[in-house]
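Here the structure comes first, spelled out in structure tokens, and everything after it is commentary.
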Amino acid sequence: MDTTLPVTVGLSGGVDSSVAALLLQRQGHDVTALFMKNWSEQDASGRCMWEQDVADAMAVTDRLGIPLNTVDLAGSYWDRVFSRFLEEYRAGRTPNPDILCNREIKFRAFLDHALARGAEAIATGHYARIGGTPEAPALLK
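Numbering (this note's numbering), first residue to last: 6 to 146.
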């Protein structure tokens, strides 16, 4: 590969983001991983298995020999996603919190943290159709 970049992978500990990290590493990129904790047990009685997820992410980064950074986005998730979900639900609508989460957390907050740590590109295990040109890539529906 002619160009290698510092790339931050949003690593959940699952297969898709782990494979994305591996493929980028094999392409010669300088890969780091970022694990985002998006839920706090103090927020509600719901339970999130983030401890197992971060352990899985650590196992992946140990195996690949790449650094893992973690960031607690639970407050941002509550403010930008879950509270809006509750407002819509109380108003009798059936919101989809994944749409807000993808826009506000998985990509906006993730990108901000990755850029602050020196990344020139980000990657996830999400599937996407990309079009456009190399100068102006576009996300397709």
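Where is the CB? At the ideal position from N, CA and C, for every residue including glycine.
Segment contact flag, the stretch 67-80 with the stretch 88-97, C-beta cutoff 8 Å, min 3 pairs: Taking 8 Å as the limit for Cβ pairs, the verdict is that the stretch 88-97 does not touch the stretch 67-80.
Near Gly137, which residues of its chain fall below 7 Å by C-beta distance, leaving aside the five closest residues on each side in sequence? Ala143
Based on DSSP bridge pairs, tell me the residues matched to Lys42. Asp77
Can you check whether the CB of Asn43 is closer than 9 Å to the CB of Ile104? no
Residues near Ala119 in its chain [Cβ-Cβ closer than 7 Å; skip 5 each side]: Residues of the same chain with a CB within less than 7 Å of the CB of Ala119, apart from the 5 flanking positions on each side, are Thr13, Leu39, Ile127 in chain order.
Test item: CB-CB of Val76 and Ala26 under 9 Å: no
Contacts around Leu78, its chain only, beta-carbon distance under 8 Å, and the 5 residues preceding and following it disregarded: Met41, Lys42, Asn43, Ile110, Ala114
Just the Cα atoms here: how many angstroms apart are Thr99 and Pro139? 38 Å
Of all the options Asp35, Val59, Tyr82, Tyr132, which has the alpha carbon lying nearest to the alpha carbon of Ala124? Asp35
Given Ala121 as reference, the closest of Thr37, Asp58, Ser23 once Cα atoms are compared: Thr37
Pick helix, strand or coil for Ala143, following the three-state DSSP scheme. When secondary structure is reduced to three states using DSSP, Ala143 falls in the strand class.
Backbone secondary structure at Val122 - three-state DSSP: Note that residue 122 is Arg in the sequence shown here, rather than Val. In this structure, Arg122 counts as coil in the three-state DSSP scheme.
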